[in-house]
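Trainee: Here the protein sequences line up with chains A and D, keeping their order.
Using full-length UniProt numbering, the letters of the first sequence map in sequence onto residues 1 to 310.
Using full-length UniProt numbering, the letters of the second sequence map in sequence onto residues 1 to 271.
The beta-carbon is built from N, C-alpha and C at its ideal position, and this holds for glycine as well.
The structure is given below, and queries will be raised subsequently.
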Amino acid sequence: MRRAFSDTLVEVADVNDKMVFLTGDLGFEVFTELEKKHPTKYINAGIAEAQLAMCATGLALSGFRPVIYSIASFMTGRAFELIRTGINYQQLPVLIIGAGGGYTYANSGVTHHAAEDLGLMQLMPGMQIINPGSPSEVRELMLQFFEQDKPAYMRVGRFGEPEYTAKDPIILGKARLVSEAKKQVSKPSVALLSTGDTVISCIEANKLLKEQGFDVTHYQYHSLSPFDVKTLEQVLSNYDHVIVVEDHFPIGGLYSQVSSFHAGSNSSAKLTRLGPPHELLFGEPSIAQLREQFSYDVSGIVSTCMALQR
Amino acid sequence: MMESGLKRLAATWRATCLKMSRVGRHGHLSSSLGYIEVLAFLYKRWLKLAPDSEGPSDKFILSKGHGCSALYVALADCGFIPVESLSQYAKPGAQLGCHPCKHALNILETSSGSLGQGLGVASGIALAQRLSGEQSKIVILLGDGEMNEGSIWESLTFIKANQLNNIIAIIDYNGVQAVGNTDRIVGGTSLEKKIAAFGWHTQTIDGNDFAQIEDAFSQLEGVLDQPKAIIAHTRLGIDYMNVESALWHYRIPSDEEYDSALAQLDAEPIF
Numbered sequence: 001m002r003r004a005f006s007d008t009l010v011e012v013a014d015v016n017d018k019m020v021f022l023t024g025d026l027g028f029e030v031f032t033e034l035e036k037k038h039p040t041k042y043i044n045a046g047i048a049e050a051q052l053a054m055c056a057t058g059l060a061l062s063g064f065r066p067v068i069y070s071i072a073s074f075m076t077g078r079a080f081e082l083i084r085t086g087i088n089y090q091q092l093p094v095l096i097i098g099a100g101g102g103y104t105y106a107n108s109g110v111t112h113h114a115a116e117d118l119g120l121m122q123l124m125p126g127m128q129i130i131n132p133g134s135p136s137e138v139r140e141l142m143l144q145f146f147e148q149d150k151p152a153y154m155r156v157g158r159f160g161e162p163e164y165t166a167k168d169p170i171i172l173g174k175a176r177l178v179s180e181a182k183k184q185v186s187k188p189s190v191a192l193l194s195t196g197d198t199v200i201s202c203i204e205a206n207k208l209l210k211e212q213g214f215d216v217t218h219y220q221y222h223s224l225s226p227f228d229v230k231t232l233e234q235v236l237s238n239y240d241h242v243i244v245v246e247d248h249f250p251i252g253g254l255y256s257q258v259s260s261f262h263a264g265s266n267s268s269a270k271l272t273r274l275g276p277p278h279e280l281l282f283g284e285p286s287i288a289q290l291r292e293q294f295s296y297d298v299s300g301i302v303s304t305c306m307a308l309q310r
Numbered sequence: 001m002m003e004s005g006l007k008r009l010a011a012t013w014r015a016t017c018l019k020m021s022r023v024g025r026h027g028h029l030s031s032s033l034g035y036i037e038v039l040a041f042l043y044k045r046w047l048k049l050a051p052d053s054e055g056p057s058d059k060f061i062l063s064k065g066h067g068c069s070a071l072y073v074a075l076a077d078c079g080f081i082p083v084e085s086l087s088q089y090a091k092p093g094a095q096l097g098c099h100p101c102k103h104a105l106n107i108l109e110t111s112s113g114s115l116g117q118g119l120g121v122a123s124g125i126a127l128a129q130r131l132s133g134e135q136s137k138i139v140i141l142l143g144d145g146e147m148n149e150g151s152i153w154e155s156l157t158f159i160k161a162n163q164l165n166n167i168i169a170i171i172d173y174n175g176v177q178a179v180g181n182t183d184r185i186v187g188g189t190s191l192e193k194k195i196a197a198f199g200w201h202t203q204t205i206d207g208n209d210f211a212q213i214e215d216a217f218s219q220l221e222g223v224l225d226q227p228k229a230i231i232a233h234t235r236l237g238i239d240y241m242n243v244e245s246a247l248w249h250y251r252i253p254s255d256e257e258y259d260s261a262l263a264q265l266d267a268e269p270i271f
């Protein structure tokens, strides 16, 4: 996704002379092409996240379309109030990028954990929240961001995530149907809801489940705001169990959105959440260990679904 | 000659701020009164307030947003907003809020009210101008208390490193913060030396003295290769009220104080 992000930046800069990219001294050899091709549009502002947000505010007030970039924990947490006051209060079209959201940097320790990034940004009314799960989602959603004029926060994962195919196109604010279970095949009926890169684990899990005769439906929520309530409404009325798989605290991410909507609905669907707990995670585990420990890896998703069958 | 006209104007603007504080039942009076001379010089003599064939209009950003009643008076007196709107200052739903809001008053360069951000926003405006191939003066008025904020020092560095030399920061050094004395809170160092150490051209003046203000700004015209800062030592402008100045961050003048202040100013509000 990181490569798709830098490639799309160049693609946008080629056609949109208002795009300016500011990095908080991160992205070693990731933005070389942008810097080479559009040297005035690449600015290393130094390790100064507040300055990134304030400078983007001034640029956007002057008609530019800034993109600001740092590690998710610093970009959202360190600069929160500057984003809130400068960018969001004034509803300026700045794209705020958090590299390595969630537990992408799990083994770098708590300083680099960003399991609250989506929540922090989502607390601000008017801020769009984008959590792509594949290189194509990064590209498409970025291009769509530049077609409108509101602020957005986007998580960008690491390098090398695979592409996947889905039945629905990639549209900002709309959930994507990745695969649909054949009707009445499996009891109870189950829908998996993924966000960000948990889409990949859900696809793998779904394959394994199918091999065992358990067919589940899978939607990807790459946008948490605007939130696709219409699709959720259908999911909650059509399925017995809805399983949310997220790399975020249970507060402020996809589960928050789903559970608060569910609480106000007449749905009898049972909700399950797979993801990290609302706890400080010491000991610098690897992301794979964490996902296994809290059952949001492939085998955790499979066993959670199989347990429902009994 | 120029001075006596501006002095009269400053007295009138002060009287207007005093009345606004009373009709809007809002404090932060001292935060406005101290920098009136600087503001009057900028708005009446120095800033290019409309775009012309040589480029865009100059920009003024009030970073210390709480001191906005003076800015509203300047905008009204220069014809940018109706004079009558001053009577609505700080009232519910008013265009002229107690912290400037761009949604309500679009002619502002930016909303402000949270400290330490005006300089960073200015850096973005200056960068946008460079990318667009145009340039104007960009003046930011900051409070001395506001200089406590770390974000300011990120911006000072960035502006110097990127040679955004059309930026002029004015620090309204009135010596008083919300609940304390600036020099006591962050004392032991010289603001001028600190800013100079960041590579900025700096000057320290008496910010209530028009001759010194004019002299400082004329010197700036010759400084092309550095961003510029003027540390303007100001008095809260309410000396004539005989009260402890720190109180005036929050207080609203009483009938007697108001009458007495207007008499000593020998001026009337513009609304």
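What residues are listed by DSSP as bridge partners for lysine 59 of chain D?
Mentor: The partner list for lysine 59 of chain D (beta bridge, DSSP) reads D:Ile138.
Trainee: Quick one: Cα of aspartate 209 of chain D to Cα of lysine 48 of chain D, how far?
Mentor: Answer to the nearest angstrom: the Cα atoms are 22 Å apart.
Trainee: Please classify valine 244 of chain A: is it buried, with 16 or more other beta-carbons within 10 angstroms of its beta-carbon, or exposed?
Mentor: Its Cβ being crowded by 16 or more others within 10 Å, valine 244 of chain A is buried.
Trainee: Mind checking if valine 67 of chain A is an interface residue toward chain D, Cβ cutoff 8 Å exclusive?
Mentor: Valine 67 of chain A does not count as touching chain D.
Trainee: Compare the C-alpha of phenylalanine 227 of chain A against each of A:Asn238, A:Asp247, A:Leu254 and A:Phe249 and name the closest.
Mentor: Phenylalanine 227 of chain A has its Cα closest to that of A:Leu254, out of A:Asn238, A:Asp247, A:Leu254 and A:Phe249.
Trainee: Identify the contact partners of glutamate 35 of chain A in chain D, using a Cβ-Cβ distance below 9 Å as the criterion.
Mentor: The contacting residues do not exist; glutamate 35 of chain A stays about 15 Å from chain D at best.
Trainee: Could you confirm whether any beta carbon from chain A is found closer than 8 Å to the beta carbon of glycine 120 of chain D?
Mentor: Output row for glycine 120 of chain D: interface = yes.
Trainee: In whole angstroms, give me the CA-to-CA distance for methionine 1 of chain D and tyrosine 250 of chain D.
Mentor: Any answer about methionine 1 of chain D is weak, because its pLDDT of 46 lies below 50 and its placement is not dependable; what the coordinates show is given next. Each residue's alpha carbon lies about 36 Å from the other.
Trainee: Checking the sheet assignment: what are the DSSP bridge partners for glutamine 309 of chain A?
Mentor: DSSP output for glutamine 309 of chain A lists no bridge partner at all.
Trainee: Counting only the same chain and skipping the five closest in sequence on each side, list residues whose C-beta sits under 8 Å from that of residue 315 of chain A.
Mentor: Only positions 1 to 310 of chain A appear in this structure, which leaves residue 315 of chain A out of reach.
Trainee: Report buried or exposed for arginine 184 of chain D, applying the criterion of at least 16 other Cβ atoms within 10 angstroms of its Cβ.
Mentor: By the 10 Å Cβ count, arginine 184 of chain D comes out exposed.
Trainee: Give the residues of chain A in contact with lysine 102 of chain D, contact being defined as C-beta atoms less than 9 Å apart.
Mentor: Under the 9 Å cutoff, chain A gives Leu61, Tyr89 and Gln90.
Trainee: Less than 8 Å between the CB atoms is what I'm expecting for isoleucine 301 of chain A and alanine 205 of chain A, so what's the real figure, rounded?
Mentor: Indeed, because the Cβ distance is near 4 Å, the residues count as touching under 8 Å.
Trainee: Proline 253 of chain D: buried (16+ other C-beta within 10 angstroms of its C-beta) or exposed?
Mentor: Buried.
Trainee: Starting from glycine 133 of chain D, find everything on chain A with Cβ-Cβ shorter than 7 Å and list it in chain order.
Mentor: Simply none; closest approach about 11 Å.
Trainee: With DSSP collapsed to three states, give me the class of lysine 182 of chain A.
Mentor: In this structure, lysine 182 of chain A counts as coil in the three-state DSSP scheme.
Trainee: Residues of chain A with a CB under 8 Å from the CB of glutamine 95 of chain D: which are they?
Mentor: Ordered by position in chain A, no residue passes the 8 Å Cβ test against glutamine 95 of chain D, which lies about 16 Å from the chain.
Trainee: Leucine 82 of chain A versus chain D: which residues are under 9 Å apart at the beta carbon?
Mentor: By Cβ distance, chain D contributes Ser114, Gly116, Gln117, Gly120 and Ser151.
Trainee: Between the segment 254 to 267 of chain A and the segment 166 to 178 of chain A, do at least 3 Cβ pairs fall closer than 8 Å?
Mentor: These segments do not touch.
Trainee: Taking 8 Å as the threshold (C-beta atoms), are threonine 111 of chain A and serine 114 of chain D in contact?
Mentor: Against a cut-off of 8 Å, the Cβ pair of threonine 111 of chain A and serine 114 of chain D comes out as no contact.
Trainee: By DSSP's criteria, isoleucine 251 of chain A is part of a beta bridge. Which residues make up the other side?
Mentor: DSSP lists no partner for isoleucine 251 of chain A.
Trainee: Kindly indicate the opening and closing residues of the alpha helix (DSSP H) around phenylalanine 5 of chain A.
Mentor: Where phenylalanine 5 of chain A is concerned, the enclosing alpha helix (DSSP H) stretches over 2 to 15.
Trainee: How is the alpha helix (DSSP H) around phenylalanine 41 of chain D delimited, first residue to last?
Mentor: Its alpha helix (DSSP H) spans residues 36 to 41.
Trainee: Indicate the three-state DSSP secondary structure (helix, strand or coil) for phenylalanine 21 of chain A in the structure shown.
Mentor: It is a strand residue.
Trainee: Determine the direct distance from the alpha carbon of serine 62 of chain A to that of residue 291 of chain D, and round the result to whole angstroms.
Mentor: This structure does not reach residue 291 of chain D, given that chain D is present from 1 up to 271, and the question cannot be answered.
Trainee: Taking the alpha-carbon positions, what's the glycine 46 of chain A to isoleucine 96 of chain A distance?
Mentor: C-alpha separation (whole angstroms): 16 Å.
Trainee: If you follow the beta strand (DSSP E) that tyrosine 69 of chain A is in, where does it begin and where does it stop?
Mentor: Counting along the chain, the beta strand (DSSP E) containing tyrosine 69 of chain A begins and ends at 65 to 71.
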